[in-house]
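See below for the structure under consideration.
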Amino acid sequence: IRKSQLIPFRGVPLPHYFLENMEKVGEFEADKTDVLIATYPKAGTTWMQEIVDCVLHGGDVRQCEQSPIHYRSPFLEAFFPEMPSGLELLAEIPSPKPIKTHLPFQLIPTSFLQKQCKIIYCARNAKDNVVSFFHFDRMNMLQPDPGTWEEFLQKFLTGNVTYGLWHDHVKGWWEQRGNFPILYMFYEDMKEDPRREIKRVAEFLGKELGSKELDTIVAHTSFNAMKLNPMTNYSTIPLDVLDQRTSPFMRKGIVGNWKTHFTVAQNQMFEEDYCRRMVGSTLHFRTELKPGDN
Ligand code: A3P
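Sequential numbering of the sequence shown, starting at 256, is according to my numbering.
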């Protein structure tokens with residue numbers, strides 16, 4: 256039942272069912288208090304969404320539980336026409352509100368920039384990111400068929416995946432961080448010390464959190480808690496759309512899972528390509544953590 260086809264929109268491959276909405280997305284009027292969460296797919300979007308939601312609610316996690324995370328995502332509307340579009344849903348939620356996007360910097364609605372909205376970008380090292388993306392495309396019937404791991408790796412390295420080349424995405428946002436209020440976060444840092452990173456998010460959003468509230472958010476947004484939480488584990492989406500029997504949405508949630516997927520040859524080829532594409536950039540990633548930090 257795979258219906259998705261990637262079509263370039265201003266050079267960026269997007270699922271064909273997004274294209275008819277892109278004009279309207281570009282005209283979206285953000286409120287100046289809205290918080291944009293931007294990521295390359297599978298970099299920790301859902302995790303960051305839940306953290307921001309909790310922080311905006313001042314650590315009152317009961318309020319976060321009332322808003323299933325996927326209702327903030329427009330990706331189902333093409334298959335469920337009775338479902339309101341992501342834009343329609345956003346219009347109903349009072350600001351300040353977190354808004355998620357996977358768009359590269361050059362495609363986000365300009366109102367976010369004109370209004371100097373706060374933006375949180377979350378990036379994840381390319382190797383773990385591609386592994387997570389592979390398993391996501393295996394289980395998400397709205398995505399193109401990934402093929403084998405080897406085939407998907409080739410697609411990833413040529414940017415023939417949804418939202419295009421990882422390297423351009425992470426660099427594009429990195430280069431803009433001095434020009435706009437962008438907090439650039441790393442999945443690996445969040446794994447290493449979630450409390451420290453949640454504090455950074457709160458400070459960026461101008462929210463003072465006490466030690467107790469911080470502890471509550473750390474617990475509520477841990478991998479295990481989010482895996483059990485129907486508001487964050489996407490279990491409310493039918494299995495013929497997100498086939499969690501093939502691969503769960505909350506899959507591993509660690510740094511370094513790439514090691515069980517890459518062959519030595521794939522790793523070498525990946526790194527050569529990586530050096531070529533990232534040369535001259537000050538953007539650096541960690542691909543492993545100390546065992547206790549994972
Ligand atoms: P894996 O597939 O490596 O397990 P996104 O939300 O951008 O789609 O990213 C999904 C990835 O983030 C998945 O990675 C998922 O397990 C991981 N993830 C989600 N919540 C997490 C959490 N609280 N802690 C660590 N990883 C999390």
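Beta carbons are placed, not taken as given, at the ideal position from N, Cα and C, and that holds for glycine.
TODO: Go through its chain and collect everything with a Cβ distance to Q431's Cβ below 8 Å, but skip five positions before and after it.
DONE: F360, I437
Task: Coil, strand or helix - A346 by DSSP - done: The answer is helix: DSSP assigns A346 an H, G or I state.
Task: Residues of its chain near P401, where Cβ-Cβ distance is below 7 Å and the 5 sequence neighbours each way are ignored - done: F389, D392, R393, F407
- [ ] Below 7 Å CB to CB, which residues in the same chain sit around N395 once its five sequence neighbours on both sides are set aside?
- [x] L497
- [ ] Kindly indicate which three-state DSSP category A298 falls into: helix, strand or coil?
- [x] coil
Open item on the list: Starting from K373, trace the beta strand (DSSP E) in both directions and tell me its first and last residue.
Closed with: First-last of the beta strand (DSSP E) with K373: 373 to 378.
Open item on the list: For P449, report the span of its alpha helix (DSSP H) as first-last.
Closed with: 449 to 459
Task: Beta-carbon contacts of E468 that lie in its chain and below 7 Å, excluding the five residues immediately before and after - done: G313, G314
Task: Run of the beta strand (DSSP E) containing V267, from where it starts to where it stops - done: 267 to 270
Open item on the list: Distance check for E343 and P270, CA to CA, integer angstroms please.
Closed with: 20 Å
Task: Enclosing alpha helix (DSSP H) for L412 [first to last residue] - done: 404 to 412
Open item on the list: Between Y489 and A381, how many whole angstroms is the CB-CB distance? I'm expecting something under 8 Å.
Closed with: Here Y489 is actually not in contact with A381; their C-beta atoms are around 24 Å apart, not less than 8 Å.
Task: Inter-stretch contact at 8 Å, needing at least 3 Cβ pairs: the segment 262 to 279 / the segment 417 to 434 - done: yes
Task: Beta-carbon proximity check, R578 vs E443, cutoff 7 Å - done: In the structure as shown, the chain starts at 256 and stops at 549, and residue 578 therefore has no counterpart that could be examined.
Task: N-terminal and C-terminal residue of the alpha helix (DSSP H) that K467 is part of - done: 466 to 475
Task: E452 burial status per 10 Å Cβ neighbour count (16 or more: buried) - done: buried
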